[in-house]
Structure formats: C-alpha cells, structure tokens
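>
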Amino acid sequence: MLRSRDLRISLSSIFMIVGANARSFQRNSLILLCTIIGFSLALLVAIWLTIHAHLLRERERTMLATFAGLDKIVRTYEKQTLLSLRQFDQVSKFLKYEYEQSNGSVDLGRTVQRAVLASDAVILASIANEHGDIVAATAGNASKPVNIRDREHFRVHLGTNSDRLFISAPVIGRVSGEETLNMSRRLNHADGSFAGVVVVSVKPSVLTDSYNETDLGREGMLSVLGKDGIYRALRIGAANRRSMKIDFDRFVAAQQDAARRSAALTLPELDPVSRYSVMLNLKEYPLAISAAIPEADVMRQIGHEADSEYRWGLLASALTLLFMLVAITLALKLNSRQRMMERLATHDRLTALPNRSLLNSHLARMIERTELRQEQAIAVMFIDLDRFKEVNDTLGHAAGDELLSEASRRLRRVVRDADLVARLGGDEFSAVALCSHGRESASALAEKLLAALAAPFSVAGQEMFISASIGISLFPSDGRDREELFKNADTAMYQAKAAGRNRYAFFTPEMSMEMKAHLSVEQALRRALERHEFEVHYQPRIDLRSMQIVGMEALLRWNHPELGRVPPMQFIPIAEERGLIEPIGRWVLQEACARTRYFIDRFGRPLRVSVNISACQLQRFSLVGDVRAALDAAGLPHGLLELELTESALVNDMELSARMLAQIKKLGIQIALDDFGTGYSGLAYLQRFPIDVLKLDRSFINQQEGAESRKVIEAFIRLAHVLDLKVVAEGIETADTTSMLKGLGCDEGQGYFLGKPMPAAEFERFLMQTPGLRCAAPALAHGEAL
1172 MLRSRDLRIS LSSIFMIVGA NARSFQRNSL ILLCTIIGFS LALLVAIWLT IHAHLLRERE
1232 RTMLATFAGL DKIVRTYEKQ TLLSLRQFDQ VSKFLKYEYE QSNGSVDLGR TVQRAVLASD
1292 AVILASIANE HGDIVAATAG NASKPVNIRD REHFRVHLGT NSDRLFISAP VIGRVSGEET
1352 LNMSRRLNHA DGSFAGVVVV SVKPSVLTDS YNETDLGREG MLSVLGKDGI YRALRIGAAN
1412 RRSMKIDFDR FVAAQQDAAR RSAALTLPEL DPVSRYSVML NLKEYPLAIS AAIPEADVMR
1472 QIGHEADSEY RWGLLASALT LLFMLVAITL ALKLNSRQRM MERLATHDRL TALPNRSLLN
1532 SHLARMIERT ELRQEQAIAV MFIDLDRFKE VNDTLGHAAG DELLSEASRR LRRVVRDADL
1592 VARLGGDEFS AVALCSHGRE SASALAEKLL AALAAPFSVA GQEMFISASI GISLFPSDGR
1652 DREELFKNAD TAMYQAKAAG RNRYAFFTPE MSMEMKAHLS VEQALRRALE RHEFEVHYQP
1712 RIDLRSMQIV GMEALLRWNH PELGRVPPMQ FIPIAEERGL IEPIGRWVLQ EACARTRYFI
1772 DRFGRPLRVS VNISACQLQR FSLVGDVRAA LDAAGLPHGL LELELTESAL VNDMELSARM
1832 LAQIKKLGIQ IALDDFGTGY SGLAYLQRFP IDVLKLDRSF INQQEGAESR KVIEAFIRLA
1892 HVLDLKVVAE GIETADTTSM LKGLGCDEGQ GYFLGKPMPA AEFERFLMQT PGLRCAAPAL
1952 AHGEAL
C-alpha cells in the first residue's frame, strides 16, 4: 500500500511538474503570441494613425500649395493684364496727343503705317467728335455714318474733364461688328472744352489668352471683373465666355469668406462648378482679376495621394518585415538626399565651387587652428573678373556662364587641397589660403591666379581674354575675424580695380581712410547743386582745316569750399552710383545751352556745344524732355547741340539706348561717340546707333609716333569718313600732333595745345583775344536758322 501510495505520489508529482512546465510554456507562448499580436496591432495602429496624420498634412500642404500656386498665377496675370492695359493706354494717349496737337486732323491710316497699332489684339482705333460721330477709324466702312453718343464709353466723359482711361463693358462694336472691350479717353479743344473721345477697341479675349490648362485645369477660370460687377473678360477652360453681370459686393464677400476658410466657391451665375480662387484688385484701374482651379481637380490630386497611402499601408500591414526593409531603404535614401541637400547648400550650382556658407565655416576653422599654432598667416582674397558684364551684354548669359565655369576650374587648379576657392556670386570669387611666409606667399598665389586667367578663353566659338582684380587681407594683421577680413579684402579689391585692373592689392589702413574720404565726397555732393558749387568750363573745338573755332565741349567742375577743386573722375562716378547724376546733368545741359546762346549773341556767329551724357541719364525716359526744355529755354537751335556718350554708356541697355538716341535724333541733335576704340566692341555700334561724330580717344592721339600708330589713326579716320561721320581728335598737346592730324584728314580737334578747359568768362576772353582764331559757322541740322 505504501509503495502504491508513494508511486501515486511520485507519478502525480511528475505530472504536476510536467503540467506546470507545459502551462509555463503555454503562458510564455501566449505572452509571445500576445506580444507579437500586440506589437502587430500597435504597429498597424501606428501605421494607420501615421497615414491618417500624413494625409491630413498632405491635404493641408496641397491646399496651401494650391492657393500659393493660384496666388503666383494671379500675380503673374496681374502683370500681364497691366502690361496689356498700359499698352492700350499708351495708344490712346498717343492718339489723343496726335489729335489735339493737330487740331483734330489726325491721320489714323498713317498711324497704322507707323506701326503704332501693330497688334492683333487691337480690333479698331477710332475718334468720335463731341456729338459722338465717328470721324476717324482704322477699319470699317468710312462712308457709313456711325454715332456712339449713347455708348457708355462716350457718355462717361461728357460730365467730367478727366484724362483717365475708361474701360467699358464688352459690347458689339458698331464699326467692327465684333464684341469689343472699348477703352476711351477724353479729347479736348484748345480751350479745354469737350472735343470728343478717342476709343481703342480690343478683343476681350486678349486679357485671358494667358490661360494655361496645365496650371488651371480644363475647367479653370481667368477673369477680369469690373467694380460694377460686369466681366470685362471671362474664360472658363478653353472657351471665352460672353460678358455677364454679377453682384460685385456679394462676390467679394463670398470670395473673402472662402479664402479665409480655404474653401471652394461656386458662382451659380457662371456654372455649377466649385472652384478654389484668388482675387486681386488692380491698382491702376477699377478692375479685379481672379484665377480659379476646379475643386474636383484638387480633390482628385488629394485622392491620388490617399490611394497611394492606403496601398502602402495595406502592404505594410501584411508584410511588416518588408516594411522594416522599406524603412531602412527609405532611411538610406533620406540620408543620401540629405547629403545631396547639404552639398547644394554649400556649393555653387554653376561652377560646383564652395559657396559663401562653406567659405565662412572653412575660414572660421582655419582661424581657429592658426590661433592655436601661431605660426602661419591666412590670406583672404576677393577676386573680381574685370569687364565681365561686357561679355554677358555682347555674347549673352550662356556664354558668360561658360566663361565663369572655365574660370572657376582654372582657379581651383591653382590652390592647394588645404586651401579653398569659392564663388560668392556673379563674377566674384574668393580664395582663402595658409601662407607660411605671409605677404610673400600671398603674392605668389595671387600671381598664379592672375596667370591662370591670363590665357585665352574659348567661349561660344570665340577666343577672348579676361583679367581679374584681386584684393588681399591677411590674418591676423588685417583682421581678427572673418567679417573684418572679408571687408578689408573687398576694399583692397576695389583699390586694385581703381589702379587699372588685372592686378592685386594688399589691404592697408590708408584704404579705409580713402573709403571715408569717398563717403565725405558723397555727402558733400548731395548739397553741391543747391549750394551753387558747380560750374561749367568750356574747351574749344577747332576745325583743323581752317583752324577756326567751331564749338566747344562743356565740362563740369566742382569747387567745394572745404575740399577745394574736386576732380571729375572722383565725384562723377559717385554721382552715377548714388543716383545724383540726373539733376546734375540736367543743370549742366541747361547751363551749357544758355551760355552758348549768349556766346552766339555776343559774337554773332553760331557755335556748337558738346555736352556729356552719362549712362544713367541715357536710361531715363525724361532725357528727351530735359534736352528739349533746355534748348527751348535758351532759344538755342537744335542743330547746335551735340550730346556725347561713351561706348560703356551705350552697352548698359542696348535696346533702350537705340530707342532713346532715335528720339534725340528726331530733335535734330548731333550724337557723338566719345573715347571711340577703347570699349569692348566699338565698331559694332557704328551701324546700330545713329552716330554723327567719332571722338578719337587721347590714348590713340598721344601714341602717334611711328608708322604703325599713324596707320591706326588714319584707318579710324578713313572708316569714319566712309560711314559719313565726322572725326574729332581729343588730347592734342603739340604742334606736330596737330599737323599730323591735319595731314590725315581729321576734321576737328581739341586739347591743351589748342585751348584748355576754361570758365565761361575766360572762354569769352579767349574768343576775343586768341590771334588767328575766328568764330566759324558749323552746319545746322534740318535747315535750322539762328
């Protein structure tokens, strides 16, 4: 019995132990299973919560991008609309001017021939008299009388003497027979009474032709809406809609409410389509423009993004291990993208050189290491390519980029691996280098950099040469931090340019003093005109065949009460840089014209005065008016004024220069090209611009010794005469030079040998007292008479 009981106890114990282990194993398996399930559920919840949150962010980002894109579109549309309206505005102003100046006898046919109305958008330009009768039009049946007295764009001018342009609602034109947008401007008789209107009729669609289906979709909208609620132009998708009227105030309120809620807006008057839209009021006209994209297109984009997220979520739920692999892959891609972004943030895209950001950090580390060693100096160099702008202006920006890329490769090959060359922007580079021997090492490196750029460049199939100006500051002698080192290197670079370019210059404390002097001159220059510190000197111009005085060049001088006589080369560049040259140039023009009139009356013979015009003045549309006003105020015949321009002034904006010179030539004024032959490509300007006179630079005249130099001068003179241009030699300082130029057929000359620049009173005595010189009469343009 005992044994049996003991056996039972033993067996029971065995089973209890086995059961306990089994339950423990089951519990552990359950725990593991629950852990796996819990982890999977948690992962699924995390995935879908992440997807949900991501979709919310994507929706918000898409909405922001949609409105940002619409804002960009509507602002571009604003510029295009304003440009079109301003063009039509200018046409109406021109026709108003022509009509009023000709006492109502304007010839619109001749206006069309002159290409003033050369635009497919303009259907018709017409003029109606005070009774509303069309008296002139560029199209239509001239024999059929048309009256527009009942039209809004006529009636609006009856009660108000305003010069503003009125833009009517689109109507069917009685002359053109087409739906037109009529822009009218009031015409006045000489006494200011109502004389009628000038009307420019255009297609409404011209204001919505910029519609782009890629940006706005197939059912997007572009519109120009008047404050009266009438659409001036309306395009939905590919079709232009006829004009219609809506409640403008209600529309604006609805638009503002929708924009505040980032919601779509439906206009039942147009169609049932809901659209996200952005509206903008035009500043110059009582119009509002808007651009809209269908809500369905945006929702479709969001739906595409959601579908993609859902598919990704299902795949991640079914294959969590694959999800981990994908996550690792994404992390690697993100890491690669991060490295790429870091490189983009620290390197220049065009040249692949480090940019300013990397330069700053690299220099900071170099300074830190050098301060610890206290052995070596650091050279900071500012490198600026000389006359690089002329390459862009003549060969184009693509050629300029090609040159910059090649220049960067050459600079990079010169420096050591421990040093750095960076592009700061434009044609500016910088180099930082350790210099074990201070200035000596920096000079050697600068010379290598200049030599690397000295070799010819092959750009756009042409061989060209370019140089650089380099400014150098040294750590620690010229600065203890990078800001001071950069500033001083920049100052030294400008000193190198001022010294003639294609060289390097080390910073010195005196350069800072020069910068302070520069600021002092600038401050004094701002008050010089009102304090009457300027005066005009006159240098005689001599006919080399007869040795008679035919005119003079007006030269600006500045007498400052403290600074004394300030050289023109010191203050004129500052005046141009700071925008002061326009009022100063206007004063010189007025003074020169008035004084020339006085000389003519005093001596009874005409003298031609030559006045220098800067590049800044040439780019101002007010120049023509200033010239005309100065001539009229002085009573000076237009043919006795000559405007001098340098090649660099013409090259700043060649299209604008050509237009301005054409307008000046219409006044009968002579145009002279100063310093001819010293620019980048002076010969090209002789055909493009209406030049009358070439002024040979003193650098040619003063190097006439030898047969080769004489041949060069003779070639210039012959070239000018073949092109029917007069030649004036500058800087004549000896009798031999005078004789040589006479023998070569040079027309006129000026220089200290013939007469120095003199104040007006001294020049007057010169005219009276100089033996053998008499006032001769140069030819007047367009048959003008004194």
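Counting from 1172, one number per residue, gives the positions in the sequence shown under my numbering. The beta-carbon is built from N, C-alpha and C at its ideal position, and this holds for glycine as well. This structure is a prediction, so every number in the text was calculated from the model and none was measured.
Within this structure, are the beta carbons of Ala1371 and Ser1255 separated by less than 7 Å?
The residue you call residue 1371 lines up with position 200 of the sequence shown. The residue you call residue 1255 lines up with position 84 of the sequence shown. The residue you asked about is not Ala; residue 1371 is Val in the sequence shown. No, the pair does not count as a contact, with Cβ atoms beyond the cut-off.
> Tell me, please, which residues DSSP counts as bridged to Tyr1481.
Residue mapping note: residue 1481 aligns to position 310 of the sequence shown, counting from 1. According to DSSP, Tyr1481 bridges with nothing at all.
> Given a cut-off of 7 Å on the beta-carbon distance, is the pair Phe1553 and Ser1614 in contact?
Counting from 1 along the sequence shown, the entry for residue 1553 is found at position 382. Counting from 1 along the sequence shown, the entry for residue 1614 is found at position 443. No, they are not a contact pair.
> Taking the straight line between their C-alpha atoms, what separation do you get for Ala1900 and Val1551?
The residue given as residue 1900 occupies position 729 in the sequence shown. The residue given as residue 1551 occupies position 380 in the sequence shown. For Ala1900 and Val1551, the distance between alpha carbons rounds to 44 Å.
> Quick check: what's the CA-CA separation for Ser1297 versus Ala1404?
Numbered from 1 along the sequence shown, position 126 holds the residue referred to as residue 1297. Numbered from 1 along the sequence shown, position 233 holds the residue referred to as residue 1404. The alpha-carbon atoms of Ser1297 and Ala1404 are separated by roughly 21 Å.
> What residues in its chain sit with their C-beta under 8 Å from that of Gln1940, if we drop five residues either side in the sequence?
Along the sequence shown, one-based indexing puts residue 1940 at 769. Within the same chain, Gln1940 has no close Cβ partners at all.
> In chain order, what residues of the same chain lie with their CB nearer than 6 Å to the CB of Ser1607, ignoring the 5 residues before and after it?
Working through the sequence shown from its first residue, we reach residue 1607 at position 436. Result list for Ser1607: Gln1547, in chain order.
> When the Cβ atoms of the stretch 1241 to 1250 are set against those of the stretch 1444 to 1459, are three or more pairs found closer than 8 Å?
yes
> Hey, Gly1926 and Pro1711: beta-carbon distance below 7 Å or not?
What you label residue 1926 is simply residue 755 of the sequence shown in a count that begins at 1. What you label residue 1711 is simply residue 540 of the sequence shown in a count that begins at 1. Cβ atoms of Gly1926 and Pro1711: closer than 7 Å.
> Rank Asp1598, Arg1697, Val1342 by C-alpha distance to the C-alpha of Met1664 and give the top, closest one.
What you label residue 1664 is simply residue 493 of the sequence shown in a count that begins at 1. Cα-wise, what sits closest to Met1664 is Asp1598.
> For Glu1815, report the span of its beta strand (DSSP E) as first-last.
Locating residue 1815 in the sequence shown gives position 644, where the first residue counts as 1. Under the DSSP assignment, Glu1815 falls in the beta strand (DSSP E) whose first and last residues are 1812 to 1817.
> Could you check the C-alpha separation between Pro1739 and Phe1325 for me, to the nearest Å?
What you label residue 1739 is simply residue 568 of the sequence shown in a count that begins at 1. What you label residue 1325 is simply residue 154 of the sequence shown in a count that begins at 1. Here the alpha carbons of Phe1325 and Pro1739 stand approximately 56 Å from one another.
> In whole angstroms, what is the alpha-carbon distance linking Tyr1456 and Asn1332?
As a working mapping, residue 1456 is identified with position 285 in the sequence shown. As a working mapping, residue 1332 is identified with position 161 in the sequence shown. Roughly 18 Å between the two C-alpha positions.
> Our contact map puts Ala1570 next to Val1562 with C-beta atoms below 8 Å; I'd like the distance itself, whole angstroms only.
Translated into the one-based positions of the sequence shown, residue 1570 becomes position 399. Translated into the one-based positions of the sequence shown, residue 1562 becomes position 391. Between Val1562 and Ala1570 the Cβ distance is about 6 Å, and since that is below 8 Å, they are a contact.
> CA-CA distance, Val1277 and Val1369?
Here residue 1277 refers to the residue found at position 106 when the sequence shown is read from its first residue. Here residue 1369 refers to the residue found at position 198 when the sequence shown is read from its first residue. Each residue's Cα considered, the two are about 11 Å apart.
> Tell me the DSSP secondary structure of Met1187 in three-state form.
Residue 1187 sits at position 16 when you count from the first residue of the sequence shown. Bear in mind that the predicted position of Met1187 carries a pLDDT of just 38, short of 50, making it unreliable; the figure below should be weighed with that in mind. Note: Met1187 maps to helix in three-state DSSP.
> Less than 7 Å separating the beta-carbons of Leu1215 and Ser1488?
Here residue 1215 corresponds to residue number 44 of the sequence shown, with the count starting at 1. Here residue 1488 corresponds to residue number 317 of the sequence shown, with the count starting at 1. Yes. Within cutoff.
> Below 8 Å on the Cβ atoms is my contact criterion, and I expect Ala1829 with Ser1781 to pass it. Report the Cβ-Cβ distance as a whole number of Å.
Looking up residue 1829 in the sequence shown gives position 658. Looking up residue 1781 in the sequence shown gives position 610. No, Ala1829 and Ser1781 are not in contact; Cβ-Cβ is about 21 Å, not under 8 Å.
> So, is Glu1466 buried or exposed, given that buried needs 16 or more other C-beta atoms within 10 angstroms?
Residue 1466 sits at position 295 when you count from the first residue of the sequence shown. Within a 10 Å sphere around the beta-carbon of Glu1466 sit 16 or more other beta-carbons, which makes this residue buried.
> Glu1513 to Ser1579, Cα distance in whole Å?
Taking the sequence shown and counting its residues from 1, the one referred to as residue 1513 is at position 342. Taking the sequence shown and counting its residues from 1, the one referred to as residue 1579 is at position 408. Distance between the alpha carbons of Glu1513 and Ser1579: 21 Å.
> For Tyr1972, tell me which candidate among Glu1577, Arg1773, Thr1221 has the shortest Cα-Cα distance.
Limits of the chain in this structure are 1172 at one end and 1957 at the other, which puts residue 1972 out of reach.
> With distances taken from CA atoms, which of Leu1938, Leu1778, Pro1754 is nearest Ala1765?
Numbered from its first residue, the sequence shown carries residue 1765 at position 594. Of the candidates Leu1938, Leu1778, Pro1754, the one whose C-alpha sits nearest the C-alpha of Ala1765 is Leu1778.
> Going by Cα to Cα distance, which pick from Ala1307, Arg1357, Pro1341, Ile1872 is closest to Asp1260?
For this step, residue 1260 is matched to residue 89 along the sequence shown. The residue with the shortest Cα to Cα distance from Asp1260 is Arg1357.
> Asp1428 and Gly1400 look like a contact to me (Cβ under 8 Å); what is the Cβ gap, rounded to whole Å?
Along the sequence shown, one-based indexing puts residue 1428 at 257. Along the sequence shown, one-based indexing puts residue 1400 at 229. Wrong, their Cβ atoms sit about 18 Å apart, outside the cutoff.
> Let's test the definition: count the other Cβ atoms within 10 Å of the Cβ of Ala1932 and tell me whether it reaches 16, buried, or not, exposed.
Here residue 1932 corresponds to residue number 761 of the sequence shown, with the count starting at 1. Exposed.
> Could you tell me the alpha carbon to alpha carbon distance between Glu1904 and Phe1924, rounded to whole angstroms?
As a first step, residue 1904 is located in the sequence shown; it is residue number 733 there, counting from the start. As a first step, residue 1924 is located in the sequence shown; it is residue number 753 there, counting from the start. Cα to Cα, Glu1904 sits roughly 5 Å from Phe1924.
> Between Arg1345, Lys1315, Gly1902, Leu1352, which has its C-alpha nearest Val1293's C-alpha?
The count along the sequence shown starts at 1 and reaches residue 1293 at position 122. Cα-wise, what sits closest to Val1293 is Leu1352.
> May I ask you to report which of helix, strand or coil DSSP gives Ala1589?
Against the sequence shown, residue 1589 aligns to sequence position 418. Coil.
> Need the endpoints of the beta strand (DSSP E) that Leu1405 sits in, please.
On the sequence shown, position 234 is the one that residue 1405 refers to. Segment 1402 to 1407, the beta strand (DSSP E) holding Leu1405.
> Whole angstroms are fine: how far does the CA of Leu1867 sit from the CA of Gly1922?
Your numbering for residue 1922 matches position 751 in the sequence shown. Your numbering for residue 1867 matches position 696 in the sequence shown. Using only the alpha carbons, I get a separation of about 12 Å.
> Rounded to whole angstroms, what's the CA-CA distance from Ala1299 to Met1415? Just pull it up for me.
Start at 1 with the first residue of the sequence shown, and residue 1299 comes out as number 128. Start at 1 with the first residue of the sequence shown, and residue 1415 comes out as number 244. Roughly 27 Å between the two C-alpha positions.
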